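A.B. asks: Residue numbers (this note's numbering): 2 to 94.
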């Protein structure tokens, strides 16, 4: 079964998500911004979600984590929890 490792950053608005993505693209560290702004407990660990299998996360995560480029920040990704930036750090089929 496919598995991956990823990190994410969760905020309440698309505007804030876009602002943080721009800051990452301009050189700020994903993990530092996750620690400061993410509303998910994983933010304390720089947004690290660890390793998980396909189907263990919400469908919106799976679509990005198992189909999009690795080591690239994707988003905003909207879920029932808010808006996320996602970065897949590892993936195997």
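Note that beta-carbon positions come from the ideal geometry of N, C-alpha and C, so glycine has one too.
Bear in mind the structure is a predicted one, so any value in this text is a computation, not a measurement.
Can you tell me the Cα-Cα spacing of residue 15 and residue 84, whole angstroms?
C.D. replies: For the purposes of this step, residue 15 is taken as residue 14 along the chain shown, with counting starting at 1. For the purposes of this step, residue 84 is taken as residue 83 along the chain shown, with counting starting at 1. For residue 15 and residue 84, the distance between alpha carbons rounds to 6 Å.
A.B. asks: What does the alpha-carbon distance come out to for the pair residue 52 and residue 29?
C.D. replies: Along the chain shown, one-based indexing puts residue 52 at 51. Along the chain shown, one-based indexing puts residue 29 at 28. Cα-Cα distance, rounded: 24 Å.
A.B. asks: Buried or exposed: where does residue 77 fall if 16 or more other Cβ atoms within 10 Å of its Cβ makes it buried?
C.D. replies: Position 76 of the chain shown holds residue 77. Residue burial is scored here from C-beta neighbours: residue 77 has at least 16 other C-beta atoms within 10 angstroms and is therefore classed as buried.
A.B. asks: For residue 72, which option in 2, 89, 34, 66 has the closest C-alpha, if you only look at C-alpha atoms?
C.D. replies: Locating residue 72 in the chain shown gives position 71, counting from the first residue. Comparing Cα positions, the closest option is 89.
A.B. asks: Does the region 30 to 50 come close enough to the region 2 to 16 to have 3 or more Cβ pairs within less than 8 Å?
C.D. replies: yes
A.B. asks: Are the CB atoms of residue 54 and residue 3 nearer to each other than 8 Å?
C.D. replies: Looking up residue 54 in the chain shown gives position 53. Looking up residue 3 in the chain shown gives position 2. Result yes, Cβ atoms of residue 54 and residue 3 sit closer than 8 Å.
A.B. asks: Could you pull out every residue in the same chain whose Cβ sits closer than 7 Å to the Cβ of residue 82, ignoring the five residues on either side in sequence?
C.D. replies: Here residue 82 refers to the residue found at position 81 of the chain shown. If we look at residue 82 and ignore the five residues flanking it on each side, its Cβ neighbours are 11.
A.B. asks: Would you report the Cα separation of residue 18 and residue 66, rounded to the nearest angstrom?
C.D. replies: The count along the chain shown starts at 1 and reaches residue 18 at position 17. The count along the chain shown starts at 1 and reaches residue 66 at position 65. Cα to Cα, residue 18 sits roughly 18 Å from residue 66.
A.B. asks: Quick one: measure Cβ to Cβ for residue 31 and residue 44, integer angstroms, because I've assumed they're closer than 8 Å.
C.D. replies: If you number the chain shown from 1, residue 31 lands on position 30. If you number the chain shown from 1, residue 44 lands on position 43. Wrong, their Cβ atoms sit about 11 Å apart, outside the cutoff.
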